[in-house]
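What follows is a short report on a single structure.
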Amino acid sequence: MGVPRLLLPEAPALVAGLGHATILTPDGELDMVSAADLPRRLADLPPPLLVHAPATARRLGLPPFPVAFDLLELFAFALPSQPAAPTPRGLAMALGQEMPVDDESAVILLPELATLILRRLSAARNVPLNRDAAILAARLREGMDWPWADSVMAALGKEDARPSSDPLKVWRRLPDWEDSAPPTPPGSLPVSAAEARTRLAEILGPDAEQRPAQADFASAAALAFAAREMPGAPHVVLAEAGTGTGKTLGYIAPASLWAERNGAPVWISTYTRNLQRQIDGELARLYPDPEERKRQVVIRKGRENYLCLLNLEEATAGLMPSRLLAITLVSRWALATRDGDMQGGDFPGWIAELFPFGAVANLTDRRGECIHSGCPHWRRCFVEHSIRRAAGAKLVVANHALVMVQAALGGGEDGPAVRYVFDEGHHVFDAADAAFSAEISGAEMSELRRWLLGAEGGRGRARGLRRRLEEVLSDHPALSPLVDAALEAGTVLPAPGWPNRLHDGAPRNAGERFMAEVRRQVLARTAEADPLYDAECDLHPLNPGLPEAGAELLAGLERLLAPLRGLHERLTALLEDPEAELEVGDRIRLDTARRNLDRRAVVPLVAWGGMLRRLSIPAPEPGARPVHVDWLAITRREGREVDAAMHRHHLDPTEPFALAVAAPAHGLLITSATLRDVVLAGDGQPDPEAAWEAAEARTGASHLPLPAVRAAVPSTFDYCAQTLSLVVTDIGRDTGQQAAAMEALFRASGGGALGLFTAIRRLRNTYDRIAPGLEKAGIPLYAQHVDAMDNSTLVDVFRAEEDSCLLGTDALRDGVDVPGRSLRLLVFDRVPWPRPTILHRERRLHLSGGRPKEWDDAVARHRLRQAFGRLVRRADDRGVFVLLDSRAPSRLLAGLPDGVVTHRVGLAEATRRTREFLVG
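Each number in the working numbering corresponds to the 1-based position in the sequence shown with 244 added.
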């Protein structure tokens, strides 16, 4: 082994602005260069040293750099699974360095960051993770002439390492999971309010600040852990906890105590991945030792979030040079990751942005192709590890989507839970709406065809039903005729190439003919719409041709369902046969095949059959309250029609939530900072009882036999002193005026601003108008739907770049948690009214208690209140809230925290007040 040494590239450092760059030459010359002159300036120099090469090129308006020393590549190789925002400031923060204040200090810092990363790699050269790191670097040098290869090999002291792709086969080094005995039945010992307070005090420690509101919240939460007294009647607690209460530790206290006492996990469910991460971080207070926390706490998500080792193996075989680095970085991460979660876990989301589309995204099981026990990596699978760990954990941190989808499928892989905490409880309605809905679309039907018939035409690795069951069929050949019948019947579903035929009007089978008739009705019933947006119409009255196409498809689906049901029944009989002497492996294969058959085929086919039968039933009387809302829609992407579908949603999705999730449980805590809306009585004064009743309706508590326990703990923040709320009254609604207003406000705050839009087009137009001016003012601007970063990466950048600004839509309103100065101004372009869809029309008509306008108000008021809550996350935060909509009704602003007074002012006054409030 050689002596480690630092080998830094003799390269110019480069930081991009909008249309210009700051460079530091190898000779130490610091200069600002226009984007147009940059290629000429770099022509005679080595490849540049920078952060995020693709984003740098886009920011400069230049073609991609052919070669660059990208610090993100080095960071991901040397420090896999360590979080960092993909900017110079973000890397400095991750490496514990003083953060640069401008482009000049950032470009000077880049060589120092490279030095730090290489030193850390060198210091860790003898840890198991880096056993084969030099071999991989040599392979990268050989396969793609990776610029960092020599520096990495020198830091590891192995400059003569021989290249090999063998270390990419990381599945060989991952541990197998081991089965344990089935868990014993959970106990029912309750947790008292006093015990919850005591546990909270233990978690916080003796030196913690006294927070009476947090202890009160823990006491209320404990009521969800009382012993159930009759089936179907869980104890439900609705607890509104104002921002700053500390509700996470407040419910962790009784939840952890109940789990320890009764030998079963409590499932904590969130709506966003971001909150899952936050809760996991908070649990370090309860389990400070990382290994102990890994045993006691499990993060659970759907399979599509995790690295699929079979996909990784297939990507590694015959690897193209263009994807070698991407696979290498993922393989390095796979050895360091806590749980294999590539979506919001410890996988740096920006890695995918450095490479061509699909190089990283296709490594997860996005298409539901998991073959479970038939996979050679099944015993090392990250998902299977998490499922087994969850059974023995104390706390499982999941998300609403997983919890509800598993309930809809009869328990799912993790089995039923008996105690739940639903954080972000204001989203229970939306999550249930997504989980308990169905659609007959080209995409859904063609996925089922692919699952049955495999990758037709030889493309892809989808194995099809026969190959997926080949081991089962070899042991039980009598099942083969059922499989043959299903495969023959499966040709009723849309075949490869169906999107082109949908657009061209040349359907081949019943599935495609049905979609063609759906498309024809939608186009006939809707006005000439913007081709960038989807279109929809009511199901009734039915267009001529649609009932016949629906009947033809229904008959085909019934022919498909019959052998699949028969196969499911035969597999069940084999598993339940007391005389069958099945080996453990055989039993696992049979059970896996049966569950997949039910989930991937039988359940959707039954749902589709019910929807298609609706076409032969007379239309309901006008005004009659339906159980389901059915409609037809066309989906468009970038101006092109890509799908047509029939949709079905429950009118009130909390009904199936109450039946499938809540009723089987023993206790539920549903909590949020915004559970209740402001409901006004006839005299114009707030009606607290009506507000609670509305919260019970939105969370499904009103459908359960026991009345919910109601608790409300006010925020600890002084919103009157810490916030300023404004409505700008003297600008029009055209994009030009609103963009100018937003730029003026962003300048007044000096950055740290989040602009929220109700339409993607206005967001993009605003970005184009204001980015150059903000850049000249030293304020970087990032935008959802503009920057090629996922939402979590954008938020990480926004958090790290204290004086940057960010533009986004609804997804960012709920997903942003940015304490401190990084978020000090929030600007809405317009009142966030709900989209006027058919589903919204029916709900406002039938669920509003005869007051449809108040239904709209409640949605908009809730969105404003949620956004306002982003501004103050700590006791020392200050923030300004602005609506650029002079028509904003005052009744909507009543939803802001008590005592907050909204001022209606002109733009000049708004910018002056913003500057004075934030800057002084």
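Here a beta-carbon is modelled for each residue, glycine too, at the ideal position from N, C-alpha and C.
Contact annotation: residue 888 and residue 480 have beta-carbon atoms that are not nearer than 7 Å. Membership of residue 447 in the alpha helix (DSSP H) is indicated by the continuous run 437-448. Positions of the alpha helix (DSSP H) runs, each at least 4 residues long and wholly inside the segment 307-386, are given as 315-322, 332-338 and 347-367 in order along the chain. In this structure, residue 1139 lies away from residue 915, with their beta-carbon atoms at least 7 Å apart. Under the DSSP definition of a beta bridge, residue 482 partners with 914 and 954. Fewer than three Cβ pairs drawn from the segment 449-468 and the segment 414-431 lie within less than 8 Å of each other, which leaves the two stretches out of contact. Sorting 532, 257 and 368 by C-alpha distance to the C-alpha of residue 248 places 368 at the top. Short of 7 Å from the beta carbon of residue 489, and not among the five residues preceding or following it, lie these beta carbons of its own chain, in chain order: 457, 458, 461, 957, 959 and 960. Rounded to whole angstroms, the separation of the alpha carbons of residue 1125 and residue 1111 is 9 Å. Within the segment 842-888, the runs of alpha helix (DSSP H) at least 4 residues long that lie entirely inside it are, in chain order, 847-857. Annotated as proximal: residue 337 and residue 1044, with beta-carbon spacing under 7 Å.
For the pair residue 665 and residue 495, the CB atoms are nearer than the 7 Å cut-off. The segment 891-903 and the segment 675-686 touch, with three or more beta-carbon pairs separated by less than 8 Å.
Residue pairing by DSSP puts residue 514 in a beta bridge opposite 643. Residue 835 carries a helical assignment under DSSP once its states are collapsed to helix, strand and coil. For residue 923, there is no enclosing beta strand (DSSP E), as DSSP gives it neither H nor E. Under the criterion of beta carbons closer than 8 Å, residue 347 and residue 261 qualify as touching, at roughly 6 Å.
As the crow flies, the alpha-carbon of residue 825 is around 43 Å from that of residue 857. Inside the segment 674-757, DSSP marks whole alpha helix (DSSP H) runs of 4 or more residues at positions 686-697, 708-712, 714-719, 724-733 and 742-748, from first to last along the chain. It is roughly 7 Å from the alpha-carbon of residue 358 to the alpha-carbon of residue 315. By the neighbour-count definition (other C-beta atoms within 10 Å, threshold 16), residue 893 is a buried residue. Between residue 1133 and residue 1127, the alpha-carbon positions lie close to 11 Å from each other. Note: residue 489 is not bridge-paired with any residue in the DSSP secondary-structure output. Secondary structure of residue 1081 (DSSP, three-state): coil. Put simply, the backbone Cα of residue 943 is about 6 Å away from that of residue 673. With a threshold of 16 other beta carbon atoms within 10 Å, residue 625 meets it and is buried. Within a 10 Å sphere around the beta-carbon of residue 602 sit fewer than 16 other beta-carbons, which makes this residue exposed.
By the criterion of a C-beta distance shorter than 7 Å, residue 311 is surrounded in its chain by 291 and 391, once the five residues flanking it on both sides are discounted. Non-local C-beta neighbours of residue 687 in its own chain, meaning closer than 6 Å and more than five positions away in sequence, comprise 887, ordered along the chain. In this chain, the alpha helix (DSSP H) harbouring residue 933 covers 932-943. The criterion of a C-beta distance shorter than 7 Å is not satisfied by residue 1154 and residue 968. Here residue 295 is near residue 332, since their CB atoms are less than 7 Å apart. The three-state reading of DSSP puts residue 300 in helix, counting H, G and I together.
Residue 306 has its alpha-carbon roughly 17 Å from the corresponding atom of residue 257.
Between residue 1150 and residue 1070 a beta carbon distance of about 19 Å is seen, past the 8 Å cut, so the two are scored as non-contacting. Annotation: residue 789 to residue 768 spans about 13 Å, alpha carbon to alpha carbon.
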